[in-house]
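So the protein lines, in turn, are chains A and B. Using numbering that gives the first Met the number 0, the letters of the first sequence map in sequence onto residues 0 to 377. Using numbering that gives the first Met the number 0, the letters of the second sequence map in sequence onto residues 0 to 231. Input: a single structure, listed below in structure tokens.
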Amino acid sequence: MKPWIERQRHLIDFTAQSLARRKGKSLGLLVVYTLLVFVLASVALYTHALRNEATRVLAGTPEIVLQRLIAGRHDLVPPGYIEKIGRIRGVQKIEGRLWGYYYDSVLKANYTFMVATDREIAPGEIVVGPALERTRELSAGNGVSFRAYTGELHTFIVAEVLAHESELVSADLVLMNAADFRRFFAYPAGHHTDIALWVANPLEVRNVGVKLLDALPDSRPILREEVLRTYASIFDWREGMMLALLSAAILAFGIFAWEKAAGLSAEEKREIGILKAIGWETGDVIAMKFWEGFLVSLLAFLVGYVAAYVHVFHFEFALFAPVLKGWAVLYPSFALTPQIDGLQVATLFVFTVLPYTAATLVPIWRAATTDPDTVMRS
Amino acid sequence: MLELANIRKVFNQGQHNEYWALKGIDLDIPPARVSVLKGPSGSGKTTLLTILGCLARPTEGRVRLNGEDISGLPERFLTEIRRRTFGFIFQQFNLIRGLSAIENIILPGYPGGTPRAQLLARAETLLADLQLAHRRDAKVEWLSGGEQQRVAICRALLNDPQILVADEPTANLDSKLSTEFLAILRRLAEAGRTVILTSHDPLVVESEVVDRVYSLRDGQLVEVVDTRRAWP
Numbered sequence: 000m001k002p003w004i005e006r007q008r009h010l011i012d013f014t015a016q017s018l019a020r021r022k023g024k025s026l027g028l029l030v031v032y033t034l035l036v037f038v039l040a041s042v043a044l045y046t047h048a049l050r051n052e053a054t055r056v057l058a059g060t061p062e063i064v065l066q067r068l069i070a071g072r073h074d075l076v077p078p079g080y081i082e083k084i085g086r087i088r089g090v091q092k093i094e095g096r097l098w099g100y101y102y103d104s105v106l107k108a109n110y111t112f113m114v115a116t117d118r119e120i121a122p123g124e125i126v127v128g129p130a131l132e133r134t135r136e137l138s139a140g141n142g143v144s145f146r147a148y149t150g151e152l153h154t155f156i157v158a159e160v161l162a163h164e165s166e167l168v169s170a171d172l173v174l175m176n177a178a179d180f181r182r183f184f185a186y187p188a189g190h191h192t193d194i195a196l197w198v199a200n201p202l203e204v205r206n207v208g209v210k211l212l213d214a215l216p217d218s219r220p221i222l223r224e225e226v227l228r229t230y231a232s233i234f235d236w237r238e239g240m241m242l243a244l245l246s247a248a249i250l251a252f253g254i255f256a257w258e259k260a261a262g263l264s265a266e267e268k269r270e271i272g273i274l275k276a277i278g279w280e281t282g283d284v285i286a287m288k289f290w291e292g293f294l295v296s297l298l299a300f301l302v303g304y305v306a307a308y309v310h311v312f313h314f315e316f317a318l319f320a321p322v323l324k325g326w327a328v329l330y331p332s333f334a335l336t337p338q339i340d341g342l343q344v345a346t347l348f349v350f351t352v353l354p355y356t357a358a359t360l361v362p363i364w365r366a367a368t369t370d371p372d373t374v375m376r377s
Numbered sequence: 000m001l002e003l004a005n006i007r008k009v010f011n012q013g014q015h016n017e018y019w020a021l022k023g024i025d026l027d028i029p030p031a032r033v034s035v036l037k038g039p040s041g042s043g044k045t046t047l048l049t050i051l052g053c054l055a056r057p058t059e060g061r062v063r064l065n066g067e068d069i070s071g072l073p074e075r076f077l078t079e080i081r082r083r084t085f086g087f088i089f090q091q092f093n094l095i096r097g098l099s100a101i102e103n104i105i106l107p108g109y110p111g112g113t114p115r116a117q118l119l120a121r122a123e124t125l126l127a128d129l130q131l132a133h134r135r136d137a138k139v140e141w142l143s144g145g146e147q148q149r150v151a152i153c154r155a156l157l158n159d160p161q162i163l164v165a166d167e168p169t170a171n172l173d174s175k176l177s178t179e180f181l182a183i184l185r186r187l188a189e190a191g192r193t194v195i196l197t198s199h200d201p202l203v204v205e206s207e208v209v210d211r212v213y214s215l216r217d218g219q220l221v222e223v224v225d226t227r228r229a230w231p
């Protein structure tokens with residue numbers, strides 16, 4: 000065992016010296032591979048963190064949201080629906096919600112206007128999301144006017160700006176009290192946008208949904224798990240789009256790296272001949288080249304992954320963020336909670352380190368199996 | 000020590016350019032002597048040397064090392080024998096550029112898994128023997144031709160081989176360096192090593208260091224002359 004370890008140490012020593020002797024080629028390869036890992040790891044880390052962030056934020060939302068449908072479209076919930084639901088076993092709380100969209104022609108952006116149920120907001124006051132704070136330069140105490148769809152101008156005082164931690168879902172939010180909301184949108188009295196239901200036992204959520212459908216056939220219960228699934232598929236789709244866009248670049252990098260790794264220079268072939276002539280076995284030469292491929296790609300993997308981590312969690316994914324996170328004019332700005340998924344790291348490792356290491360072995364096999372006497376004739 | 004029986008070697012067999020480099024060689028290399036294979040270009044001396052040094056296999060015939068037939072061994076075993084028994088000095092020295100003298104010298108010790116410290120100690124002893132200790136850490140491309148050859152000799156001796164094989168070792172040396180090289184060979188032979196050279200340099204062939212000269216022509220052994228010492 001010990002001679003085997005010593006031999007591997009010798010081979011690694013020799014490989015490190017070889018890489019140092021071919022600085023240009025080695026550095027070129029390292030930079031290309033680091034970039035490749037950096038891009039892939041950035042996208043993977045970001046979408047993973049985004050999914051987790053969405054799950055975390057949605058954890059506090061109601062288990063079921065009930066919408067009324069007319070001709071398959073979302074319509075207002077008329078008075079009496081909450082009473083019709085009555086007492087369904089397992090439902091902890093029922094609440095009629097009021098929310099709607101407002102198009103701000105100044106910024107050419109949509110805001111979500113909503114009545115806050117978890118806080119008291121005084122008449123004439125609003126609480127705004129962080130994106131409005133930035134884009135309209137609002138802060139507590141400022142006044143802001145919105146022209147309602149009726150044409151009337153309504154002025155509100157900003158009471159508070161929402162915390163940045165929740166920005167993923169609250170960037171474009173404007174919270175106000177129910178009376179102001181109804182007056183602003185000329186919302187019919189007693190109507191709600193939808194109904195939120197909280198269910199204590201997660202296993203009961205589907206049953207409650209079925210019971211809601213029985214009680215109110217013209218309604219549609221939306222479960223929280225469905226919302227989460229939708230978010231996940233949106234992020235998956237965006238990740239896929241991003242990777243598809245990058246695939247040409249990734250392919251170009253791959254071809255470049257393959258060519259660099261697979262091509263043996265005349266100098267390298269000569270060295271292999273010398274090593275074989277002085278007593279190295281074919282296996283030693285292949286092991287030496289394996290270490291070369293492994294060391295380059297491992298180093299590239301580590302540097303690329305660390306750079307991606309810093310890029311995603313310290314620089315807010317600045318290079319690719321617009322592609323992945325925006326779904327409105329008002330892009331949320333938020334710091335993600337750093338998270339590393341072991342399976343994801345392993346997948347990335349397998350898809351970057353192994354192909355390169357294998358690529359280095361193919362040409363060396365042919366070179367290493369040539370007869371050692373060729374060196375006598377060079 | 001090393002016996003060849005009816006050795007034949009063909010290149011490009013079965014093709015239009017088939018060429019028989021060796022056409023039935025029988026010879027016996029004596030131990031602890033300096034033997035020279037001489038002959039004009041194309042006579043087959045380098046091909047014969049590669050077969051003697053286990054760098055290549057004959058197409059036909061037998062190679063015996065210390066009485067054991069090694070011509071049919073798989074490459075792995077042949078490599079092992081080559082590493083343990085033979086040291087090689089090449090015409091172009093074939094050192095690895097970019098590495099220091101001592102790093103080049105220890106290369107044949109890598110596959111055996113000998114600890115680095117032992118390899119370095121052995122290499123330093125060899126360098127001191129050949130008055131090259133001061134060039135230990137110099138990159139080989141910075142060394143003179145004579146120094147490069149001495150590094151190549153040290154490398155050939157690292158695994159303490161019984162047999163030293165050198166292909167046209169003086170081809171790139173002037174007369175003074177060639178004489179110095181022959182003096183080193185004499186010391187090695189006197190220390191019990193078998194030395195086999197190819198050469199057409201009269202300085203080597205006619206040197207008093209040489210014990211036996213094998214003359215080759217057109218792939219055949221035409222003459223064997225014992226030159227120096229009394230033979231048992």
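Quick reminder that beta carbons are idealized off the backbone N, C-alpha and C, glycines included.
Please state the DSSP three-state secondary structure of residue i.
i        : result
A:Ala121 : coil
A:Ser296 : helix
A:Asn379 : No answer is possible for residue 379 of chain A: it lies beyond the span of chain A, which begins at 0 and ends at 377.
B:Ser70  : coil
B:Asn5   : strand
A:Ile339 : coil
A:Asp370 : coil
B:Ala221 : It should be pointed out that residue 221 of chain B corresponds to Val in this sequence rather than to Ala. B:Val221: strand per DSSP, three-state reduction.
A:His310 : helix
A:Asp193 : strand
A:Val207 : helix
For the candidate residues the options, whose alpha-carbon lies nearest to that of residue i?
i        : options                                   : result
B:Glu67  : B:Glu189, B:Leu1, B:Glu205 and B:Leu163   : B:Leu1
A:Ala15  : B:Leu98, B:Ala188, B:Leu181 and B:Asp210  : B:Leu98
A:Leu131 : A:Ala162, A:Ala178, A:Ala115 and A:Leu227 : A:Ala162
A:Trp279 : B:Pro110, B:Ile28, B:Ile80 and B:Ile88    : B:Pro110
A:Leu29  : A:Gly292, A:Arg96, A:Glu151 and A:Trp236  : A:Gly292
A:Tyr148 : A:Asn51, A:Ile363, A:Ala185 and A:Ala121  : A:Ala185
A:Pro122 : A:Thr154, A:Gly95 and A:Tyr102            : A:Thr154
A:Gly99  : A:Val309, A:Ala276, A:Val114 and A:Ile93  : A:Val114
A:Lys275 : A:Val173, A:Thr373 and A:Leu174           : A:Thr373
A:Phe350 : A:Gln7, A:Trp3 and A:Leu39                : A:Leu39
B:Ser206 : B:Thr226, B:Ala188, B:Leu187 and B:Ala190 : B:Thr226
A:Arg21  : B:Gly145, B:Arg115, B:Ile104 and B:Ile95  : B:Ile95
Do you know how far the Cα of residue j is from the Cα of residue i?
i        : j        : result
B:Ala31  : B:Asn65  : 13 Å
B:Val194 : B:Leu142 : 25 Å
B:Arg61  : B:Glu74  : 16 Å
B:Gly13  : A:Phe289 : 36 Å
B:Phe10  : B:Glu179 : 36 Å
A:Phe183 : A:Gly85  : 30 Å
B:Trp19  : B:Gly218 : 7 Å
A:Ile87  : A:Glu62  : 14 Å
A:Thr359 : A:Trp257 : 8 Å
A:Leu212 : A:Asp193 : 14 Å
A:Ala214 : A:Phe312 : 47 Å
A:Phe300 : A:Val36  : 6 Å
With a threshold of 7 Å on Cβ separation, who are the neighbours of residue i within its own chain once the five nearest residues in sequence on each side are excluded?
i        : result
B:Glu167 : Gln90, Thr197 and Ser198
A:Ala367 : Ile271, Thr281, Val284 and Ile285
A:Ser17  : Glu291
A:Ile120 : Val126, Ala158, Leu174, Met175 and Asn176
So residue i and residue j are in contact, right, with Cβ under 8 Å, and what is the actual spacing, rounded?
i        : j        : result
A:Leu222 : A:Val204 : 6 Å
B:Val204 : B:Val33  : With 8 Å as the limit, B:Val204 and B:Val33 do not qualify as a contact, their Cβ atoms being about 11 Å apart.
A:Tyr355 : A:Tyr32  : 7 Å
B:Gln148 : B:Leu172 : 7 Å
B:Leu163 : B:Ala151 : Not a contact, Cβ separation roughly 11 Å.
A:Leu97  : A:Ala195 : Not quite, the Cβ-Cβ distance comes to about 11 Å (not below 8 Å), so this is no contact.
A:Val42  : A:Phe252 : Not a contact, Cβ separation roughly 14 Å.
Can you list, in chain order, the residues of its chain whose CB lies under 8 Å from that of residue i, leaving out five sequence neighbours each side?
i        : result
B:Asp136 : Ser99, Ala100 and Ile101
B:Ser214 : Lys37, Gly38, Leu220, Val221, Glu222, Val223 and Val224
A:Val344 : Tyr304
A:Leu137 : Val127, Leu131, Val143, Val157 and Val160
A:Val328 : Residue placement at A:Val328 is poorly supported in this model, since its pLDDT is 48, which falls under 50; the coordinates are not used for a value here.
Could you pull out every residue in the same chain whose Cβ sits closer than 6 Å to the Cβ of residue i, ignoring the five residues on either side in sequence?
i        : result
B:Gly108 : Leu118 and Leu157
B:Leu131 : Arg149
B:Lys49  : Checking the sequence shown, residue 49 of chain B turns out to be Thr, not Lys. Correct list, in chain order: Ala55.
A:Asp74  : Arg67
A:Ala248 : none
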